[in-house]
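First comes the structure, then the notes that go with it.
Numbering (our numbering), first residue to last: 432 to 719.
Written out as structure tokens, the structure reads:
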């Protein structure tokens, strides 16, 4: 009888230990699931990342909400594809026609203007194309092509590349036929393309934020700016949960709402490099 009681006690203790282990495992899984629900993926451009903007504003958002943001920084074209495949919860890019097609195609909802800056043409101080001080970007591109001077293009279907190709079209020039001669397509982000421009003493089209944050300027300077065709609008879009039910719709909405709120817009405006503001919030439709 004593042996039976001992065996029963041992079995009871073992079952209790198993039950406790299962409870702890389930609790850990629940915590892990909750943590995943409190994080989102944002597909965005290299300019927002290279400039340091995300490094500045995301800790503020995360401290206020407890939502962790993971950024995938690529060109606008690739960011759109990532979001189109449902591999991101939020899209933050800078090519409005592509953004509007993304929404009209049913891949995104609630596109909002977020902030703006501008593009600039940078090039060597010696300026062999003679474009320094011009305010007509199309005429500047014509002079670069006429002089057959080196031009470094991102060549990656990014927002910057889309704008560059539009300017070439307006100039009536197919620069791609000169690829490898004076026109060089890097297939890379803005920072890498600027490094190529430095190495080749070439011209390039850059967003101002990345240029101001870029530390390897060498003999390159801003030569052309101020043309309204160089206006650079950023938009933010939530990936459509009706299309991709697995996206974290609530956390994504919280992020977009914060970005376009007074607090988020202030955080964007407060971000500066060497005392200079890089992005100008316009979620309420402000700006040029």
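Where is the CB? At the ideal position from N, CA and C, for every residue including glycine. Here the structure is a predicted model, which is why all the values come from computation and not from measurement.
Contact between the stretch 504-511 and the stretch 584-596 is present, with at least three C-beta pairs closer than 8 Å. According to DSSP, residue 672 shares a beta bridge with no other residue. Residue environment analysis places residue 608 among the exposed positions, since fewer than 16 neighbouring C-beta atoms fall within 10 angstroms of its C-beta. Of the residues assessed, residue 692 falls on the exposed side of the cut-off, its CB having fewer than 16 other CB atoms within 10 angstroms. By DSSP's assignment, residue 504 forms a beta bridge with 475. For residue 539, the uninterrupted beta strand (DSSP E) segment begins and ends at 539-555. Where residue 650 is concerned, there is no enclosing beta strand (DSSP E), because DSSP gives it neither an H nor an E. In the structure shown, residue 569 adopts helical secondary structure according to DSSP, grouped into three states. Here residue 607 carries a helix assignment [DSSP, helix/strand/coil].
Distances from the CA of residue 688 to each of 706, 668, 676 and 674 were compared; the closest alpha carbon is that of 668.
Contact between the stretch 541-551 and the stretch 706-715 is present: 3 or more CB-CB pairs across the two stretches fall below 8 Å. Residue 597 is not bridged by DSSP to any residue. Around residue 613, the same chain offers 579, 580, 581 and 582 as residues with beta carbons nearer than 7 Å, after the five sequence neighbours per side are excluded. About 7 Å separates the Cβ atoms of residue 686 and residue 492, confirming a contact at the 8 Å cut-off. Per the Cβ contact rule, the stretch 513-527 is in contact with the stretch 660-667 (3 or more Cβ pairs under 8 Å). Assignment of beta-bridge partners to residue 638 by DSSP yields 550. A Cβ-Cβ separation of about 49 Å leaves residue 679 out of contact with residue 558 under the 8 Å criterion. DSSP, reduced to helix, strand and coil, places residue 615 within a strand of the structure shown. Our two residues, residue 482 and residue 539, have alpha carbons roughly 26 Å apart in a direct line. Annotation for residue 680: no beta strand (DSSP E) segment contains it, though the alpha helix (DSSP H) segment containing it runs 680-690. Between the beta-carbon of residue 517 and that of residue 704 there is about 34 Å, and that puts the pair past the 8 Å contact cut.
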